[in-house]
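**Student:** Would you mind keeping the following structure in view while I ask a few things?
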Amino acid sequence: MKKLLIENVKIITMEGEDIIIPKGYIYIEDNKIVKIKEGVYEGERDGLEVIDGNGCVALPGFINCHTHVPMTLLRGYGEGLPLMRWLNEKIWPFEARLTEEDIYNGALLGIIEMIKSGTTSFIDMYFREDAIAKACKMANIRGFLGSPIIGDMWERQMDETLRLFDEYKEDELVKIFIAPHSPYTCSFETLEKVGEIARNYKLPVHIHIAETKDEVNIIREKYSKTPAEVCKDAGLYDENKVIAAHCVQLNDDDIMMIKDYDFTVVYNPQSNMKLASGAAPIVKMMENGINVALGTDGASSNNNLNMIDEMKSASLLQKLTYSDATALSAYDTLKLATVNAAKAVGMEDKLGKIKEGYLADIILIDFNKPHLTPPTDIYSNIVYSANGSEIKTVIINGKTVLKDYKILFTNEEEAILKANQSFIKVIERLK
Ligand SMILES: [Zn+2]
Numbered sequence: 081m082k083k084l085l086i087e088n089v090k091i092i093t094m095e096g097e098d099i100i101i102p103k104g105y106i107y108i109e110d111n112k113i114v115k116i117k118e119g120v121y122e123g124e125r126d127g128l129e130v131i132d133g134n135g136c137v138a139l140p141g142f143i144n145c146h147t148h149v150p151m152t153l154l155r156g157y158g159e160g161l162p163l164m165r166w167l168n169e170k171i172w173p174f175e176a177r178l179t180e181e182d183i184y185n186g187a188l189l190g191i192i193e194m195i196k197s198g199t200t201s202f203i204d205m206y207f208r209e210d211a212i213a214k215a216c217k218m219a220n221i222r223g224f225l226g227s228p229i230i231g232d233m234w235e236r237q238m239d240e241t242l243r244l245f246d247e248y249k250e251d252e253l254v255k256i257f258i259a260p261h262s263p264y265t266c267s268f269e270t271l272e273k274v275g276e277i278a279r280n281y282k283l284p285v286h287i288h289i290a291e292t293k294d295e296v297n298i299i300r301e302k303y304s305k306t307p308a309e310v311c312k313d314a315g316l317y318d319e320n321k322v323i324a325a326h327c328v329q330l331n332d333d334d335i336m337m338i339k340d341y342d343f344t345v346v347y348n349p350q351s352n353m354k355l356a357s358g359a360a361p362i363v364k365m366m367e368n369g370i371n372v373a374l375g376t377d378g379a380s381s382n383n384n385l386n387m388i389d390e391m392k393s394a395s396l397l398q399k400l401t402y403s404d405a406t407a408l409s410a411y412d413t414l415k416l417a418t419v420n421a422a423k424a425v426g427m428e429d430k431l432g433k434i435k436e437g438y439l440a441d442i443i444l445i446d447f448n449k450p451h452l453t454p455p456t457d458i459y460s461n462i463v464y465s466a467n468g469s470e471i472k473t474v475i476i477n478g479k480t481v482l483k484d485y486k487i488l489f490t491n492e493e494e495a496i497l498k499a500n501q502s503f504i505k506v507i508e509r510l511k
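Taking our numbering, the leading residue of the sequence shown gets 81, the next gets one more, and so forth.
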């Protein structure tokens, strides 16, 4: 049995705003947190891996609830266009020229970036999820992966989802979701079929809904309904767990409607601001009891996969939108990236908190930094002052993957080089 001890550490449990252990230890056996306690560890030290957490704050790892991880290769590509033109003229032609190797290289690059900024799980939607799954296994990160179901090829794509589901159904780290791209890129019949398959196989549904006003207009013209209504009428929400990215343009009726379902809204503030999609009515959704989690979206519309950076934007944009400095507090913002995100993936009894019996997905934030001094309000320091560069150590499923700022599972420089080479090759293919 593998035993790991993190000692001399301040522990943010995420069990409640006041439940902080000022100095204590976390004892882990295999992949589970066995004991959390204030004070000094006095048990057996033989065969124990010890991490000194002095000066650090332990926090549950972040769960990035919406991304397209290989899109790191498109970082900065096709800047300055509105969403529909950006997709049609830049993103989709580039993506059509990606090989499986490129997707692996882009995914590994994104995973390294995420781990170095404290992310221990992510929900992904991209082609060739098998390559992304391999990168997850290599890096020992949790991936909730869904191949996009989009356009006319939906039957083949659905088969691909079921094939991957079969391959990974026993896997500890990789879980397969079903991922219809959106109500404007899937037919009504496709959405109906996805709903049915999701129910039959108990697959969570990961989708984009109501990202832009353009989408709302396209759907209104076709169906005389809102995007959220179309998905509901197709039976997509019935008995299914739904993880809906964006939801920027939900109206009040939509909000009242989705609250009756097992529905998580994934807020992607930086992507929404960058593509001028708008500000999602997160405060209103939360007041109505809707589960809200946080995502970065792909690196092409963000342009990074940094959840600390995203939390700051998340909170500030709500304050600005509602002209209310008390809107979306630092602690509530941290919940979007941990507790609420764990609920989104159906693992609220295993992830999102530092708690005995929970899985050991833990990050250590080094507070010995000028920009985190003094630690007057620890939540505000993490959400508004940190930038991700303070993530010193990351443990996923009981295994240390980042130690003293260093990635342990691969050669980081080589991964950067390979991703750069993939980008150059795609540009060549576009000529
Ligand atoms: Zn997206």
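The beta-carbon is built from N, C-alpha and C at its ideal position, and this holds for glycine as well.
Pick from 379, 270, 162 and 443: whose alpha carbon is nearest that of residue 484?
**Tutor:** Closest option to residue 484, Cα to Cα, is 443.
**Student:** Give me the residue from 500, 343 and 106 with the minimum Cα distance to residue 285.
**Tutor:** The option with the nearest alpha carbon to residue 285 is 343.
**Student:** With a threshold of 8 Å (Cβ to nearest heavy atom), would residue 186 be considered close to ligand 1?
**Tutor:** No, Cβ of residue 186 sits at least 8 Å from all heavy atoms of ligand 1.
**Student:** Using CA coordinates, which residue listed in 349, 321 and 350 is at the minimum distance from residue 341?
**Tutor:** Here the closest residue by C-alpha is 321.
**Student:** Taking the alpha-carbon positions, what's the residue 513 to residue 274 distance?
**Tutor:** Since the displayed the chain opens at 81 and closes at 511, residue 513 lies outside it and no answer follows.
**Student:** With a CB to CB cut of under 7 Å and the five nearest residues on each side skipped, what residues in its chain are close to residue 132?
**Tutor:** Once the five neighbours on either side are set aside, the close Cβ partners of residue 132 are 87 and 88.
**Student:** Going by DSSP, what residue range makes up the alpha helix (DSSP H) through residue 275?
**Tutor:** Unbroken alpha helix (DSSP H) run through residue 275: 268-281.
**Student:** What does a CB cutoff of less than 8 Å around residue 495 pick up in its chain, not counting 5 residues either side in sequence?
**Tutor:** Counting only Cβ-Cβ distances below 8 Å, and skipping sequence neighbours, we find 185, 188, 189 and 192.
**Student:** Should residue 211 be counted as a contact of ligand 1 given a C-beta to heavy atom distance under 8 Å?
**Tutor:** It does not: the Cβ of residue 211 is nowhere closer than 8 Å to a heavy atom of ligand 1.
**Student:** Less than 9 Å separating the beta-carbons of residue 470 and residue 449?
**Tutor:** In this structure, residue 449 lies closer than 9 Å to residue 470 by Cβ.
**Student:** Using CA coordinates, which residue listed in 205, 364, 304 and 250 is at the minimum distance from residue 262?
**Tutor:** When only C-alpha atoms are compared, the closest one is 205.
**Student:** Flag residue 405 as yes when its Cβ comes closer than 8 Å to any non-hydrogen atom of ligand 1, and as no otherwise.
**Tutor:** No, since every heavy atom of ligand 1 falls outside the 8 Å radius drawn around the Cβ of residue 405.
**Student:** What separation, rounded to the nearest whole angstrom, lies between the Cα atoms of residue 209 and residue 225?
**Tutor:** Cα to Cα, residue 209 sits roughly 6 Å from residue 225.
**Student:** Spatial neighbours of residue 103 within its chain, please: CB distance less than 8 Å, with the 5 preceding and 5 following residues excluded, ordered by chain position.
**Tutor:** Excluding residues within five positions, the ones whose Cβ falls inside 8 Å are 88, 89, 90, 118 and 119.
**Student:** Is it buried or exposed for residue 182, if we count other Cβ within 10 angstroms and need 16 for buried?
**Tutor:** Burial call: buried.
**Student:** Looking only at its chain, what residues have a beta carbon closer than 8 Å to the beta carbon of residue 198, apart from the 5 residues adjacent to it on each side?
**Tutor:** Excluding sequence neighbours, residue 198 sits near 139, 141, 142, 387, 388, 443, 445, 468, 471 and 474.
**Student:** If I'm right that residue 213 touches residue 248 with Cβ under 8 Å, what's the distance once you round it to whole angstroms?
**Tutor:** Yes, residue 213 and residue 248 are in contact; Cβ-Cβ is about 6 Å, under 8 Å.
**Student:** Should residue 264 and residue 295 be called a contact, given that it needs their Cβ atoms to be closer than 9 Å?
**Tutor:** Yes, these two residues count as a Cβ contact at 9 Å.
**Student:** Determine the direct distance from the alpha carbon of residue 145 to that of residue 424, and round the result to whole angstroms.
**Tutor:** Distance between the alpha carbons of residue 424 and residue 145: 8 Å.
**Student:** Roughly how many whole angstroms lie between the Cα atoms of residue 121 and residue 115?
**Tutor:** Their backbone Cα atoms lie some 10 Å apart in a straight line.
**Student:** Cutting at 7 Å between CB atoms, please list the residues of its own chain near residue 392, excluding the five before and the five after it.
**Tutor:** Cβ neighbours of residue 392 beyond the five flanking positions: 463 and 464.
**Student:** Could you check how far apart the C-beta atoms of residue 327 and residue 360 are, in whole angstroms? I think they sit under 8 Å.
**Tutor:** Right, their Cβ atoms sit about 6 Å apart.
**Student:** Tell me whether residue 110 sits in a helix, a strand or coil according to DSSP, three-state version.
**Tutor:** Note: residue 110 maps to coil in three-state DSSP.
**Student:** Would residue 155 be called buried (16 or more neighbouring beta carbons within 10 Å of its own) or exposed?
**Tutor:** Under this definition residue 155 is a buried residue.
**Student:** What residues match up with residue 184 in a beta bridge as DSSP calls it?
**Tutor:** None, per the DSSP bridge assignment.
**Student:** Would residue 48 and residue 378 be called neighbours here (beta carbons separated by less than 9 Å)?
**Tutor:** Beyond the ends of the chain as shown, which are 81 and 511, falls residue 48; an answer cannot be given.
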